[in-house]
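Notes follow the structure.
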Amino acid sequence: MPATAKNRAIASKSGALFNRPRLKLLLLLGLPAVWFLVIYIYPLLHLLSQSFYTFDDFTMTVVREFSLDNIRNLFSPANADIIIRTAAMALAVSVFSAIIAFPVAYYMTRHASGKMQAFLYISVILPMWTSYIVKAYSWTLILSQEGVAYWIIDALGLTGVLNAFLDIPSIGGNTLSTSNLGRFLVFTYIWLPFMILPIQAALQRLSESLLDASSDLGARPFQTFRHVILPLCIPGVIAGSIFTFSLTLGDYIIPQLVGPPGLFIGNMVYVQQGSIGNMPMAAAFTLVPILIIAVYLYFAKRAGAFDAL
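This is the structure in structure tokens:
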């Protein structure tokens with residue numbers, strides 16, 4: 000085919016797609032959408048549908064009869080305690096991560112020079128390249144009775160303060176590695192980079208003219224931070240909390256390695272499905288974080304968090 004005729008054919012096809020935006024969208028997203036529906040959505044819906052079945056403890060089989068028993072069982076004291084424990088830990092990790100991440104991200108964006116900024120970026124991202132399992136197991140050694148954490152605390156003369164914290168029922172334990180405090184520290188360390196980067200992105204988009212205007216109007220640095228910087232960066236904080244909250248909510252490895260006895264939602268799903276074979280109850284527990292995250296994402300979207308991602 001001559002080059003001119005070939006160009007006309009290409010132009011004709013391009014014009015046809017331009018005049019049919021729905022066809023263009025179908026060709027662009029058709030295959031990814033099919034993959035998403037078949038590989039992700041269908042198995043998820045199939046799993047969640049099993050939460051409305053029952054499990055015969057005698058025959059150890061799933062009875063495919065519609066029932067709300069599993070949903071009602073989620074509100075039993077033991078199961079409700081698991082849900083509250085998991086959600087409280089996820090919320091605490093998100094809040095503390097934001098408190099640590101904000102000054103780090105602020106320094107990276109507003110004060111660090113080129114080389115220092117690059118160094119801080121690498122320092123934040125580098126732990127994400129390390130195996131999650133390796134980091135979790137490393138922290139079990141760091142927080143153990145003979146670990147680095149105890150050596151540093153003892154060198155600083157803070158052993159009495161640590162023991163006072165460990166004596167608090169809802170926080171402590173025999174050692175840091177068997178306490179909720181230790182579990183909280185590990186969660187915060189693992190997910191902290193996911194909070195720093197969205198906050199840094201939000202600060203990066205903050206116009207310098209707004210800070211200059213605040214200063215010209217007589218605002219002191221703290222007033223500028225409180226009334227200009229912080230409100231404009233809240234979407235970044237919420238965007239980071241989407242990661243820290245959801246990842247903590249669904250984690251099941253760290254609660255197995257660090258902290259006192261007590262199941263999280265992820266552990267309960269594993270026990271019900273892997274150890275007992277009670278797929279309907281496992282599916283019911285799977286529904287809990289999905290609903291929590293759906294509500295969380297709804298309010299995060301209203302707060303403009305998605306613009307900071």
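Using numbering that gives the first Met the number 0, read the sequence shown as starting at 0 and increasing by one per residue. Every residue gets a Cβ at the ideal spot worked out from N, C-alpha and C, and that includes glycine.
Would you tell me roughly how many angstroms separate the C-alpha atoms of alanine 299 and valine 37, rounded to the nearest one? Looking up residue 299 in the sequence shown gives position 300. Looking up residue 37 in the sequence shown gives position 38. The straight-line gap from Cα to Cα measures roughly 28 Å.
According to DSSP, is valine 185 helix, strand or coil? Taking the sequence shown and counting its residues from 1, one reaches residue 185 at position 186. Valine 185: helix per DSSP, three-state reduction.
Whole angstroms are fine: how far does the CA of isoleucine 189 sit from the CA of alanine 163? Here residue 163 corresponds to residue number 164 of the sequence shown, with the count starting at 1. Here residue 189 corresponds to residue number 190 of the sequence shown, with the count starting at 1. Cα-Cα distance, rounded: 26 Å.
Report the rounded CA-to-CA distance for methionine 0 versus leucine 30, giving the unit in angstroms. Counting from 1 along the sequence shown, the entry for residue 0 is found at position 1. Counting from 1 along the sequence shown, the entry for residue 30 is found at position 31. With a pLDDT of 47 at methionine 0, under the threshold of 50, the modelled position of this residue cannot be trusted, and the question is left open.
Which of the three DSSP states, helix, strand or coil, is assigned to phenylalanine 244? Against the sequence shown, residue 244 aligns to sequence position 245. Three-state result, phenylalanine 244: helix.
Report, in whole angstroms, the separation of the C-beta atoms of alanine 283 and leucine 44, which I expect to be a contact under 8 Å. Sequence index remark: in the sequence shown, residue 283 carries index 284 (1-based). Sequence index remark: in the sequence shown, residue 44 carries index 45 (1-based). Not really, about 14 Å apart at Cβ, beyond 8 Å.
Suppose the cutoff is 7 Å on Cβ atoms and the five residues either side in sequence are ignored; what does the same chain contact list for methionine 59 look like? Residue 59 sits at position 60 when you count from the first residue of the sequence shown. For methionine 59, where only same-chain residues beyond five positions count, the Cβ hits under 7 Å are Gly276.
Quick check: the Cα distance between serine 169 and alanine 91, rounded to an integer number of angstroms? Locating residue 169 in the sequence shown gives position 170, where the first residue counts as 1. Locating residue 91 in the sequence shown gives position 92, where the first residue counts as 1. When rounded, the distance between both Cα atoms is 13 Å.
Could you check where the beta strand (DSSP E) with phenylalanine 54 kicks off and where it finishes? As a first step, residue 54 must be located in the sequence shown, where it is residue number 55. Unbroken beta strand (DSSP E) run through phenylalanine 54: 53–55.
Three-state secondary structure (DSSP) at threonine 60? Taking the first residue of the sequence shown as 1, we reach residue 60 at position 61. It is a strand residue.
Grab me the residues of leucine 47's own chain with a C-beta within less than 8 Å of its C-beta, minus the 5 sequence neighbours each way, in chain order. As a working note, residue 47 is residue 48 in the sequence shown. Same-chain partners within the cutoff: Ala282, Thr285, Leu286, Ile289.
In three-state DSSP terms, what is histidine 110? Here residue 110 is taken as the residue at index 111 of the sequence shown, counted from 1. Three-state DSSP puts histidine 110 in coil, outside helix and strand.
Shortest alpha-carbon distance to isoleucine 198 belongs to which of Gly239, Tyr120, Ser206, Leu161? Reading the sequence shown from its first residue, position 199 is the one you call residue 198. Minimum Cα distance to isoleucine 198 is reached at Gly239.
Spatial distance of proline 279 from methionine 194 (CA atoms): As a working note, residue 279 is residue 280 in the sequence shown. As a working note, residue 194 is residue 195 in the sequence shown. Whole-angstrom Cα-Cα distance: 34 Å.
Give the straight-line distance between the Cα atoms of tryptophan 128 and glycine 172, rounded to the nearest whole angstrom. Locating residue 128 in the sequence shown gives position 129, where the first residue counts as 1. Locating residue 172 in the sequence shown gives position 173, where the first residue counts as 1. Using only the alpha carbons, I get a separation of about 31 Å.
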